[in-house]
Amino acid sequence: MVFLKSMLHGKKIIVGITGSIAAYKSIYLVRALVKAGAEVKVIMTPSSADFVSSLTLSTLSRNEVQIELFDEQSWSNHVMLGRWADIMLIAPLSCNTLAKMANGLCDNLLLAVYLSATCPVVAAPAMDEDMWHHPATKNNIEKLLSYGNKIIPVEKGDLASGLYGDGRMAEPDNIIDFLTTNFFLSSPLRGKKVVVTAGPTYEALDPVRFIGNHSSGKMGMALAKELKGKGAFVTLILGPTQIPFSEKGINLVNVTTADEMHSACISNFKDAEITIMAAAVADYAPIKKAADKIKKKEKTLVIELEKTRDILKTLGERKEKGQILVGFALETNNEEVFAKEKLIAKNADLIVLNSLKESGAGFGHDTNKITIFEKEGKEFRFENKSKSAVAKDIIDTIINLYYA
Ligand code: CTP
């Protein structure tokens with residue numbers, strides 16, 4: 240994420256590398272950190288040199304790589320190294336080094352720097368699944384957490400043993416996201432709980448048919464990612480879209496019907512500081528869902544529909560001081576008048592209007608053109624942009640209005 244990576248500029252980072260096959264990923268990690276403007280010094284344990292070359296790492300980090308605590312001529316000043324860094328990142332963290340850190344052993348330079356570091360220490364473990372789940376490893380991880388160190392969760396995938404499971408070191412991009420979000424991000428949204436709804440809802444007519452709409456969910460997904468990038472705790476309540484969504488660090492709640500979306504919103508709204516309703520919720524649902532497939536008989540078929548509950552309106556009624564509620568309005572005519580009416584009727588703080596008349600805006604497109612109306616009468620107009628740029632405009636508008 241470009242926004243997050245820019246936070247690393249000028250940061251001093253020690254990358255500690257231990258003996259694990261995942262050490263090859265540290266090469267990419269060091270390169271990405273340096274590319275993002277960080278100053279990187281690499282410390283390797285002697286056994287990590289069996290997996291990666293110090294020449295590669297010194298070339299990429301643009302600094303000499305240190306391995307030994309002493310050599311014949313000199314002694315490495317581990318105390319100064321630990322004080323130089325803004326952060327010490329150990330990636331990969333092998334089972335062996337984990338055990339030594341947990342117990343305060345000091346038989347190499349990396350451990351000496353760890354024990355004397357005054358900066359935050361973060362570790363990205365890497366090991367085989369069975370080792371990862373062993374109670375000894377769990378205890379050691381708990382000990383590190385109790386010392387105030389942070390652990391970047393392992394990922395699931397193919398392991399060096401040929402097995403598939405937990406234990407892979409987090410990917411370099413995820414490690415960088417973790418560092419920036421946890422240490423370098425000074426965003427007013429950091430740690431705030433945010434709820435976003437996205438996608439359509441489907442209302443079943445019978446076991447095989449439904450009433451739905453063309454919403455792709457792309458706008459809400461882009462909002463969720465932007466908010467996560469700004470350090471918020473995001474819950475994305477997502478209707479049945481064809482676009483797969485999975486993003487580490489975003490709590491995904493899948494729903495199908497307007498009724499399910501209503502329940503999910505109610506249970507997540509109370510402690511949410513910001514709620515953004517980008518979903519295209521069905522306004523009507525069949526009164527009865529046929530138990531069996533409706534057979535083709537008469538020339539015409541009448542299906543009786545009833546109004547669904549208006550979720551945004553319900554949340555507007557429940558909104559308490561300090562909660563920010565943002566609705567969307569998708570209109571085809573008389574856009575601004577309808578959008579402003581919705582802002583008032585639903586007691587929202589902002590309403591984001593997108594018009595189906597604009598080319599490249601609305602359902603399914605990768606771009607959108609919006610106007611934001613604020614309840615005191617302010618208006619913010621934007622050009623046609625990618626949905627991720629539109630998400631940034633919406634979030635920046637919220638920050639400028641309520642957190643500046
Ligand atoms: N919305 C909702 N619950 C519904 C219908 C809509 O929460 N049952 C929300 C949408 O997520 C959106 C806003 O209300 O944030 C406006 O939705 P829109 O479909 O444009 O308006 P409606 O209120 O449904 O009114 P109309 O269909 O008459 O335009």
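Going by this note's numbering, the sequence shown opens with residue 240, and the numbers climb by one from there. Backbone N, C-alpha and C fix where the C-beta goes; we use that ideal spot for every residue, glycine too. No experiment lies behind these values; they were computed from the predicted model shown.
- With a threshold of 16 other beta carbon atoms within 10 Å, P331 meets it and is buried.
- Secondary structure at T496: coil, using DSSP grouped into helix, strand and coil.
- The residue from G451, K469, K534, V473 with its alpha-carbon nearest to that of T495 is G451.
- Note that the segment 577–588 does not touch the segment 525–543; fewer than 3 beta-carbon pairs, one per stretch, sit closer than 8 Å.
- Secondary structure of F621 (DSSP, three-state): coil.
- Taking a 10 Å sphere around the C-beta of F612, we find 16 or more other C-beta atoms and assign the residue as buried.
- In the structure shown, L595 falls within a coil segment according to DSSP collapsed to helix, strand and coil.
- Relative to ligand 1, even the nearest heavy atom lies 7 Å or more away from the CB of K608.
- In this structure, the CA atom of G404 is about 31 Å from the CA atom of K274.
- Boundaries of the beta strand (DSSP E) around T436: 432–437.
- Residue range 523–525 is occupied by the beta strand (DSSP E) that includes P525, with no alpha helix (DSSP H) assigned at that position.
- Between the C-alpha atoms of P364 and A471 there is a straight-line separation of about 25 Å.
- CA-CA distance, V281 to E512, rounds to 41 Å.
- A Cβ-Cβ distance of about 17 Å is found for the pair F484 and M516, leaving them out of contact under the 8 Å criterion.
- For D510, the three-state secondary structure derived from DSSP is coil.
- In this structure, the straight-line span from the alpha carbon of D289 to that of L466 is close to 41 Å.
- Judged by the Cβ position, G438 fails to qualify as a neighbour of ligand 1 at the 7 Å threshold, every heavy atom of the ligand being at least this far.
- If the five residues before and after I390 are omitted, its C-beta is found closer than 7 Å to the C-beta atoms of A362, P364, I380, L383, L384, all from its own chain and listed in chain order.
- P483 sits in coil when the DSSP states are folded into three classes, being neither helix nor strand.
- DSSP places P374 within a helical segment (H, G or I) once states are collapsed to three.
- Only residues of its own chain outside the window of five on either side were considered, and among them T474, L475, I476, L477, A503, N507 have a CB closer than 8 Å to the CB of V492, listed in chain order.
- In the same chain as I306, and ignoring 5 residues on each side of it, the C-beta atoms closer than 7 Å to its own belong to M283, P285, A288, S293, L348, in chain order.
- Per DSSP, the unbroken beta strand (DSSP E) holding Y403 starts and ends at 403–407.
- The three-state secondary structure of V273, taken from DSSP, is helix.
- Three or more Cβ pairs closer than 8 Å define a contact, and the segment 440–449 falls short of that threshold against the segment 412–422.
- Closer than 7 Å to some heavy atom of ligand 1: that describes the Cβ of T547.
- As the crow flies, the alpha-carbon of D369 is around 19 Å from that of K339.
- Contiguous alpha helix (DSSP H) elements confined to the segment 309–350 occur at 317–323, 334–342, taking only those with 4 or more residues.
- Spanning the alpha carbons of E618 and I590 requires a straight line of approximately 10 Å.
- Not one heavy atom of ligand 1 lies closer than 7 Å to the C-beta of L477.
- Per the DSSP secondary-structure output, F472 pairs in a beta bridge with K432.
- Just so you know, the alpha carbons of N639 and R322 end up roughly 37 Å apart.
- Within its own chain, the residues whose Cβ lies closer than 6 Å to the Cβ of E394, once the five positions on either side in sequence are excluded, are R407, A409, listed in chain order.
- Secondary structure at P446: coil, using DSSP grouped into helix, strand and coil.
- About 7 Å separates the Cβ atoms of S259 and M366, confirming a contact at the 8 Å cut-off.
- Per DSSP, the beta bridge partners of T606 are S625.
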